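Participant: Sharing a structure, written as structure tokens. Questions coming.
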Amino acid sequence: GFQSAGAGISLDQALSGNLIEDASFEPLVFRQALTIYSGDETTLTVSSQEAGQGLYGDGFFNQASARVMTLSENGLVLKKTARVQHYGINRVGVFQPVILPGDMPDELAFLDFTSQDDVSVGVGEQGLIVRNLTGQATEVMDSRTTADLTGVTANEQLFAACSAAGELVLSEDGETWTILPTPDQQPLSAVAVSDRSVIVAVGASGRMVVGFSGVVSVLSPVTQADLTDIAYGSGTFVAIGRRGVLLTSTNGLIWRQNDLDEQDDWQAIDFRDGHFVLLSRTGKIYASADAARFTALAPVTGTLCRDIVMLSRQQMVVLDEAGEFLISNDTGQSWQLSGIETGMHSRVIDLAGKDKILSAGSDGQLGLAGLVAEIQLDSALRSGQYMAGDLIFLEKISPDVPEQGLIQPVDPESCVSPWILYGAGRTERIQDEAAPSGGQACLRLQSAGRSDQPAILSQAIDTRLLTSSLNEVLQVSLWLRQQDVADRTVQVWLSGPFGPVGTAFTNVGSAWKKFTYALVVPGRPGGYAGQEIRLNISAADGTVWADSVFLGHIDQSQDLLDRSLQEQVLSIRPSVIRLDILGLGSKNRLSGGWAQPMHADNPILDGTCWVSQRNASLHAALELTRASSASPWLVIDSYASEGDLLNLLAYLAAPISEPFGKLRQEQGMVMPWVQSFERVYLEICDRQEVFSQDRLKSEYVNLVIRTISQSPYYRQIKSKLVFVDGMQYGDGVMLSRADYHASDLDGVVRDNRLALSELTVQAYLDQIPRNPEKPAADFPELIRALRLSDSAMQPLRLAELVDVALFDIGQQSGLVNLARPQTEDSRQLAIWQAGASVVSQAVLGSPLQIRPVQPDDTDTTDPRAAVRLYGFSDSRQVTLVLTNLSDLAATCQLISEIDLAGAAMTTYDEHGQLLGQQRLRRSGSKISLLPGGVVLLTLSRPGGQP
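In this note's numbering, the protein residues as written are 28 to 973.
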């Protein structure tokens, strides 16, 4: 096989020694990457569903930073950077003509629409029925009437239409229609159907017709007013009419009049998402969740209205007489006029699917438009306009949860920082002010000046992280400054099922200063499970600013990753550490957040819930890598800008006279980081699926490579940089200029342990893209992260993990990183640590040729079939690994051209427990392996020995 690049580990959890979350009070970050539909020199449109995500409403991204990328003949390039002047969602886009059947009569207007699952139906003048309006092939159906069909509706079993001749026209599939005539043939204007297929149609002078099981009845009028529309939902019919008439019924037979004290003529009604909404001719709007109590919403003013469509209970679209659209994304509290020229004068509208509007004009026009978000930037393009397929990246930061612009109401209990205010006073997160090396923000704690009730900032800590049964020494440190605190003192203490443990920091001044103190948590028989322990910071008067709060065990470093993780990695001795803990280019991390110190993590909103993140600083990650004598593998995700990439190179390679070199020095590293490493791997990936096409993916990889190569520091370090394409290509072809491609290797332990490696690796090989420009021998795949999981009946053993890791090394794969489990389960961690150690020590330059000596007809249940041997060598040593995949102990003998006498032999059991270390007495010694166990043999080559 070819030369392997070694083996390492992949870290995707930034374990921290800090017991405090949200320690630096960093701002929330909101980021989006959206595909542009159309635009001009200042305004562009994108998918409204993609932009809103059910979370972001009108104005949410106002003043956000924007970056537009376009695909040109030179690849993916920056087109524009700007600020968002206005951000609006659920605007009706440009209508595209619906292709109607050739046998449809000319200029017949559509009067109403409905849908049943994926089948859409439109009805109109002279008995017009057209099926599949939103599909690929529209069809004109025979309605069996020439009267105008004025309304149509559907439930899961039935389509029902009504006509100006008083007919009900029914169909089960939208294709075959039958007529149910009414006794007096008086005109009907709208129709609704219940879940039980009770049909109610309404018309002039309070007319109501009820149909059920083929029988039609005319009800005695409840009102003399004209009834204009009707809807059904949540077990209730609601009919509306002129002069404010509002009628409700649960069965369609007995009707109750609801008095809203409104005399306006009701124009339209819609039901969706458990709510009714009513629209009057003059723009008054009411909503109800139970059809009994209706609440007035903000009216649409200055225009006459024709129709209303609910997108959800929070989002509505109103059509006025001029054919303009007005939008509300805040449950009708405000309305915005859509500024998009739709290309059509609409008279009737309906929702088609989740994000499209079906519209009919008075001249027979029929159009379908997507709901789009409209983004207006604060400066125009110097030339050209925004084109379909361009990408816009948005980033908004906010010190607190924004009060406006979120569609879903924020839960005040779940959407809060872990910090809680007690006593009399208030807190405020301050952006763009921070302690030295304290990120971008801090927290201001202001007392109300009441000596009996100081302002107390408090956070509960996870008591599972304490040993609890013995006295435990913790250190607390934080940066403080104050104003108007009379005694210049700030109290800091732990509270819990013990007396207060803490101190009073004195001489707190008006300038930032770091304070540190050691706390002793008293031991408690049985520990602190179920108990609450809190860190508290108190201001008796005046104002106190706090930043970079650290609470951890006395042996933890504030600037580095968790000590236990450091010890694990040092014991493994990997040749590569994949550092998927930096958030470099991540959607959820602030731009440049990787350059901040440890614990300066920005929180995010997951839906409407506050999430305090844990990321690593680049300094801490590289210090871990340097201490392990490994090469760093950095992961660059799709939100990374060209500025981020150039700053990254400067941090790695610039002298201390440059800004990022100075920052590196302040964090503790004077020499450029690249001088500490033999190689630096740079993986470019797209985990947020920003790039929908293979070409965009490869061009983003090329953009990263091109940008880094333009750095003034590139020439001096380019021999150390290894570019890795981490994209998944649907067409199976890699076209980027990267040095290698990397994929995940994922597997689950099954009943047939002997076939596990072959099946798992085969699935991995199937997803590897081809590179037509490079032969496979010069272009091995890199396994960026190997993850092997337990199944319900088969627990993971060390032998399976090591066997899968080594199975393809030197064949089509040149490197493997074993991913640290995302759990603190000691059994899985022990297996990972032992497996990573064995593989890291074993995988050297070239694989050895190995042939098992056993009969060809050996049964797979024979222990001999379950013992696998892997070997590697370089100029310094030879390594051999034996794995036992059976449930029985096995003994084997190695027959080798290499004299193995004196080789160091390390033996592990299935749980990764080290059983012993010894030297082989002679080359042909017999070696015993426990079930699921592994043996590592290491033989140093004397100088000059081949």
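No residue lacks a Cβ here, since even glycine has one placed at the ideal position from N, Cα and C. Remember, it's a predicted structure, so these values are computed and weren't measured experimentally.
1. Starting from Phe264 and walking both ways along the alpha helix (DSSP H), at which residues does that stretch end?
2. Going by Cα to Cα distance, which pick from Gly271, Trp539, Val571, Thr277 is closest to Tyr313?
3. Is the Cβ-Cβ distance between Leu195 and Ala231 less than 8 Å?
4. Shortest alpha-carbon distance to Asn844 belongs to which of Leu828, Gln838, Arg854, Glu851?
5. Measure the Cβ-Cβ separation of Asp574 and Phe52 and say whether it is below 8 Å.
6. State yes or no: is the C-beta of Ser658 within less than 8 Å of the C-beta of Val728?
7. Can you look up Lys614 in the DSSP assignment and give me helix, strand or coil?
8. Excluding the 5 residues preceding and the 5 following Ser425 in the sequence, name in chain order all residues of the same chain whose CB lies nearer than 7 Å to its CB.
9. Contact check, Ala93 vs Leu433 under 8 Å by CB: the rounded distance?
10. Given that a residue counts as buried once 16 or more other Cβ atoms are within 10 Å of its Cβ, and exposed if not, what is Met698?
11. Spell out the partners DSSP gives Glu202 in its beta bridges.
12. For the structure I just gave you, are there three or more beta carbon pairs, one from the segment 720-735 and one from the segment 682-700, closer than 8 Å?
13. Can Gly388 and Ser373 be called in contact, C-beta distance under 8 Å?
14. So, are the CB atoms of Ala538 and Ser474 less than 8 Å apart?
15. Would you check if the segment 117-128 and the segment 344-364 touch, i.e. whether three or more CB-CB distances between them fall below 8 Å?
16. Drop a sphere of 10 angstroms on the beta-carbon of Val760, count the other beta-carbons inside from all chains shown, and report buried for 16 or more, exposed for fewer.
17. Excluding the 5 residues preceding and the 5 following Leu46 in the sequence, name in chain order all residues of the same chain whose CB lies nearer than 7 Å to its CB.
18. Does Pro527 come out as helix, strand or coil in the three-state DSSP assignment?
19. Count the other C-beta atoms from every protein chain shown that fall within 10 angstroms of the C-beta of Val519, then say buried if there are 16 or more, exposed otherwise.
20. Would you kindly report the start and end of the unbroken beta strand (DSSP E) that includes Asn911?
21. What would DSSP say about Lys423, mapped onto helix, strand or coil?
22. Is the beta carbon of Thr906 sitting closer than 8 Å to the one on Ala869?
23. Does the pairing of the segment 910-927 with the segment 953-971 give three or more beta-carbon distances under 8 Å?
24. Spatial neighbours of Pro973 within its chain, please: C-beta separation below 6 Å, excluding the five flanking residues on both sides.
25. Quick check on DSSP: helix, strand or coil for Asp671?
26. What distance in whole Å lies between the Cβ atoms of Phe88 and Lys423, which are believed to be in contact at a cut-off of 8 Å?
27. Which residues does DSSP pair with Arg299 in a beta bridge?
28. Identify, in the order they occur along the chain, each residue of the same chain with its Cβ nearer than 7 Å to the Cβ of Thr69, setting aside the five sequence neighbours on each side.
29. In this structure, how does DSSP classify Leu994 when only helix, strand and coil are distinguished?
30. If we count Cβ pairs, one from each stretch, closer than 8 Å, do we get three or more for the segment 628-641 versus the segment 580-592?
31. State buried or exposed for Ala812, treating a residue as buried only when at least 16 other CB atoms are found within 10 Å of its CB.
32. Do you know how far the Cα of Ser485 is from the Cα of Ile560?
33. Look at Trp282 and Leu274 and say whether their C-beta atoms are less than 8 Å apart.
34. Helix, strand or coil for Ile599? Go by DSSP, reduced to three states.
35. For the structure I just gave you, are there three or more beta carbon pairs, one from the segment 650-657 and one from the segment 744-752, closer than 8 Å?
Facilitator: In terms of the structure at hand:
1. Careful: Phe264 lies outside any alpha helix (DSSP H), inside the beta strand (DSSP E) at 263-268.
2. When C-alpha distances from Tyr313 are compared across Gly271, Trp539, Val571, Thr277, the shortest belongs to Gly271.
3. For Leu195 and Ala231, no; Cβs fall outside 8 Å.
4. Checking every option, the nearest Cα to that of Asn844 belongs to Leu828.
5. Yes, the pair counts as a contact, with Cβ atoms nearer than the cut-off.
6. Between Ser658 and Val728, the CB-CB gap reaches or exceeds 8 Å.
7. Note: Lys614 maps to coil in three-state DSSP.
8. Answer for Ser425: Pro54, Leu55, listed in chain order.
9. Wrong, their Cβ atoms sit about 20 Å apart, outside the cutoff.
10. The residue is exposed, with fewer than 16 neighbouring Cβ atoms inside 10 Å.
11. Per DSSP, Glu202 has no beta bridge partner at all.
12. The segment 720-735 vs the segment 682-700: no contact.
13. For Gly388 and Ser373, yes; Cβs fall inside 8 Å.
14. The beta carbons of Ala538 and Ser474 sit no closer together than 8 Å.
15. With the cut-off at 8 Å, the segment 344-364 and the segment 117-128 touch.
16. Taking every protein chain shown into account, the CB of Val760 has fewer than 16 other CB atoms within 10 angstroms, so this residue is exposed.
17. Excluding sequence neighbours, Leu46 sits near Ile488, Asp489, Leu492, Leu578, Gly579.
18. Pro527 falls in the strand class under three-state DSSP.
19. Counting Cβ neighbours within 10 Å, Val519 comes out buried, since at least 16 surround it.
20. Counting along the chain, the beta strand (DSSP E) containing Asn911 begins and ends at 904-911.
21. If DSSP states are grouped into helix, strand and coil, Lys423 belongs with the strands.
22. Contact check for Thr906 against Ala869 passes: the beta carbons are separated by less than 8 Å.
23. The segment 910-927 makes contact with the segment 953-971, as at least three CB pairs between them are under 8 Å.
24. Because Pro973 carries a pLDDT of 43, less than 50, the predicted location of this residue cannot be relied on, and the following value inherits that uncertainty. Excluding sequence neighbours, Pro973 sits near nothing in its chain.
25. If DSSP states are grouped into helix, strand and coil, Asp671 belongs with the helices.
26. With a Cβ gap of about 5 Å, Lys423 and Phe88 count as contacting.
27. DSSP lists His302 as partners of Arg299.
28. Same-chain partners within the cutoff: Gln403, Leu404, Ala407.
29. For the chain, the structure presents residues 28 to 973; residue 994 sits outside this window and is missing.
30. Judged by Cβ distances under 8 Å, the segment 628-641 makes no contact with the segment 580-592, as fewer than three pairs qualify.
31. Buried.
32. Rounded to the nearest angstrom, the two C-alpha atoms are 10 Å apart.
33. Less than 8 Å separates the beta-carbon of Trp282 from that of Leu274.
34. Looking at Ile599 - three-state DSSP - the assignment turns out to be helix.
35. The segment 650-657 makes no contact with the segment 744-752; the number of CB pairs closer than 8 Å stays below 3.
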